[in-house]
Amino acid sequence: MLPAYEELVAWLPELLAGLTISLQVAALSLLFGMPLGLLLALGVIARSRILKTVSLVLVEIGRGAPALVLLQFIYFGLPATGLTLGSFTAAVVALAWNTGAYTSEIIRASLQSIPRGQRDAAEAIGLTGVDELRYVLLPQALRVALPPLLGFSILIFQGTSLCFTIALPELVSRAYEIGSGTFRYFPVLLAAGCLYAAVSVPAAILVGHVEKRAGRYAER
Amino acid sequence: MSQADIFVILRGLPWTVALTLGAFLIGSIVAVPLLAARESQFLPLRLFAMSLIQVVRGIPPLLWLFIIFFGLGMSYFPISPFVAALTGLGLIAAANMAEIYRGALKSIHHGQWEAANALDLGRLSTVAFIIAPQALRVALPSAASYLIGLMKETAVASTIGVAELAFQGNRLSQLTFQGLEVFAVVGLLYVVLSLPVAWLSRSADAYLRSKVAA
């Protein structure tokens, strides 16, 4: 049942190339998604009606629909509007949207966890809205938000496996292809699983530590 | 998109619901012995449960379904897509529910254990009659949001051919070339499905929370 050593050696370059693509998609999605999350969080608590509605709709769809459906909506659906994206771009757009929607809720909750007095004090010393955010609210909010944001990053890395359905040659696609070529599905899928676990499990343990250390900020 | 198309998509609804509730039920039950092992005094058992939970959560759901359906199913013993999906999602739900139960257990005030001890209740009775009834109440909101998450997770079952919502949407979009509308409707259906759970959990939460000792 387990892969033979020679098999592993033969498969590993292919699987590692897939893992690289998975990591790239995850990194780009987070890079674009988290700033989007901040913007959406500010949009949802904004005074402007239109801004609020647009942000809310984007957040509710991005969180409410499965990432798989978002991915297929963008890859298979958007071409009807004349916008055709390659599978890599479609994957980044869909997962960045998903990231933006989830992280906006995390960031919003952390902004709201800051005591009201901080805002009053910032206003009292005459800070503008942007400066208040930049120097008073965000530095405190991001400390509270850090552990859940890191935890979500692991989920997005795992979410890249969904890109199998849009024919992106990431880790699962490569493993599946080797499986269908050699009919050694179990060993190769197991090897792919080990690669995922080799990234996710240490990352999860790390996040657990960060969570414990950041606890004192969250408790205030 | 015609009305008939919408009915085609809706045919996936029972599968999505069955998969969600089935996996959640399996998960909520299997999580109990898993948590007991995770909190055991016996170190090897505790380490085993800890690593099991980490590994199950460390591998993406899609890959779990592939390992079970293609890996085990095609080579060792035949398994239907639905059973494979139920097994895989049930396993993942068990690991996640064990963590949810654990969080709830931690939130129960230490005095509850001490009081039970002072009354000379055994460990098993303490857990069964004092701690678990309160912990379950605390766990409810997290369990409900996990249930919603799990419902969205069941979409991956479409990749191994379970005829649920995402699968019907996928097939219909290939038939009609109207991916935009089809996937929009499918996405909306998932949002609509999660609304009653969210509402139920919110109204149940306030009521149940009033029955937990501070």
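If you read the protein sequences in the order shown, they are chains Z and C. 1 is the number of the first residue of the first sequence in the working numbering; add one for each residue after it. 1001 is the number of the first residue of the second sequence in the working numbering; add one for each residue after it. We treat Cβ as the ideally placed atom computed from N, Cα and C, and that holds for glycine. Small disclaimer: the values here were computed from a predicted structure and weren't measured.
For Lys-1211 (chain C), the secondary structure class from DSSP, reduced to helix, strand or coil, is coil. Using a C-beta cut-off of 8 Å, the region 112-126 of chain Z makes no contact with the region 70-77 of chain Z, since fewer than three inter-stretch Cβ pairs fall below that distance. Rounded to whole angstroms, the gap between the alpha carbons of Lys-1106 (chain C) and Val-210 (chain Z) is 19 Å. Annotation: Cβ neighbours of Ile-1059 (chain C) in chain Z (cutoff 7 Å, chain order): Gly-193, Tyr-196, Ala-197. Taking 9 Å as the Cβ-Cβ cut-off, the region 1143-1164 of chain C approaches chain Z at Ile-1148, Met-1151, Lys-1152, Glu-1153, Thr-1154, Ala-1155, Val-1156, Ser-1158, Thr-1159, given in chain order. Taken in chain order, the whole alpha helix (DSSP H) runs of length 4 or more contained in the region 146-200 of chain Z are 171-182. Taken in chain order, the members of the region 1036-1058 of chain C whose beta-carbon sits within less than 9 Å of a beta-carbon on chain Z are Ser-1051, Gln-1054, Val-1055, Arg-1057, Gly-1058. Taken in chain order, the unbroken stretches of alpha helix (DSSP H) that lie wholly in the region 40-81 of chain Z and span 4 residues or more are 49-64, 67-72. When the beta-carbon positions are compared, Ile-1108 (chain C) and Ala-1084 (chain C) stay at least 7 Å from each other.
Of all residues in the region 1165-1181 of chain C, only Leu-1165, Ala-1166, Gly-1169, Asn-1170, Ser-1173, Gln-1174, Phe-1177, Gln-1178, Gly-1179, Leu-1180, Glu-1181 place a beta-carbon less than 9 Å from a beta-carbon of chain Z. Against chain C, a Cβ distance below 7 Å from Ser-200 (chain Z) picks out Gly-1058. Interface criterion not met: the Cβ of Gly-33 (chain Z) is under 7 Å from no Cβ in chain C. By the Cβ test, the region 1037-1057 of chain C is not in contact with the region 1189-1203 of chain C, since fewer than three Cβ pairs between them sit closer than 8 Å.
Ser-1210 (chain C) is classed as exposed because its beta carbon has fewer than 16 other beta carbons within 10 Å across all chains shown. Closest option to Ala-1143 (chain C), judged by alpha-carbon separation, among C:Gly-1012, C:Ala-1031, C:Phe-1177: C:Ala-1031. Take the alpha-carbon of Glu-170 (chain Z) and the one of Val-136 (chain Z): they are about 41 Å apart.
Note on geometry: alpha-carbon atoms of Asp-1005 (chain C) and Ile-1131 (chain C) lie some 50 Å from one another. Straight through space, the alpha carbons of Arg-134 (chain Z) and Gly-100 (chain Z) are spaced by roughly 19 Å. At a C-beta separation below 9 Å, Ala-1018 (chain C) has no neighbours in chain Z, since its nearest C-beta there lies roughly 16 Å away. Here the C-alpha atom of Tyr-5 (chain Z) lies approximately 31 Å from the C-alpha atom of Ser-1080 (chain C). Secondary structure at Tyr-1076 (chain C): coil, using DSSP grouped into helix, strand and coil. Burial state of Ser-173 (chain Z) is buried, judged by a 10 Å Cβ sphere holding 16 or more other Cβ atoms. Excluding residues up to 5 positions away in sequence, Ala-1116 lie with their Cβ nearer than 6 Å to the Cβ of Thr-1126 (chain C) in the same chain.
Judged by their CB atoms, Ala-26 (chain Z) and Ser-87 (chain Z) are not nearer to each other than the 7 Å cut-off. When Cβ-Cβ separations below 7 Å define contact, Pro-66 (chain Z) makes contact with chain C. Sequence-distant Cβ neighbours of Arg-1102 (chain C) in its own chain, meaning closer than 8 Å and more than five residues away, are Leu-1035, Arg-1038, Glu-1039.
Met-1001 (chain C) is not a Cβ neighbour of Gln-1112 (chain C), given a cutoff of 7 Å. With a contact defined as Cβ atoms closer than 8 Å, Thr-1016 (chain C) and Thr-1159 (chain C) miss out at about 14 Å. Note on geometry: alpha-carbon atoms of Gln-1041 (chain C) and Gly-1122 (chain C) lie some 16 Å from one another. Counting only Cβ-Cβ distances below 7 Å, Phe-1077 (chain C) has no contacts in chain Z at all, with the closest Cβ about 11 Å away.
Collapsing the DSSP output to three states places Ala-1094 (chain C) in a helix.
For Thr-99 (chain Z), the enclosing alpha helix (DSSP H) stretches over residues 87-112. Taking Leu-146 (chain Z) as reference, the option from Z:Ser-180, Z:Ile-50, Z:Glu-105 with the minimal CA-CA separation is Z:Glu-105. For Asp-120 (chain Z), the uninterrupted alpha helix (DSSP H) segment begins and ends at 116-124. For Ile-1053 (chain C), the enclosing alpha helix (DSSP H) starts and ends at 1043-1058. For the set C:Ser-1201, C:Gln-1054, C:Val-1182, the Cα lying nearest the Cα of Gly-77 (chain Z) is the one of C:Val-1182.
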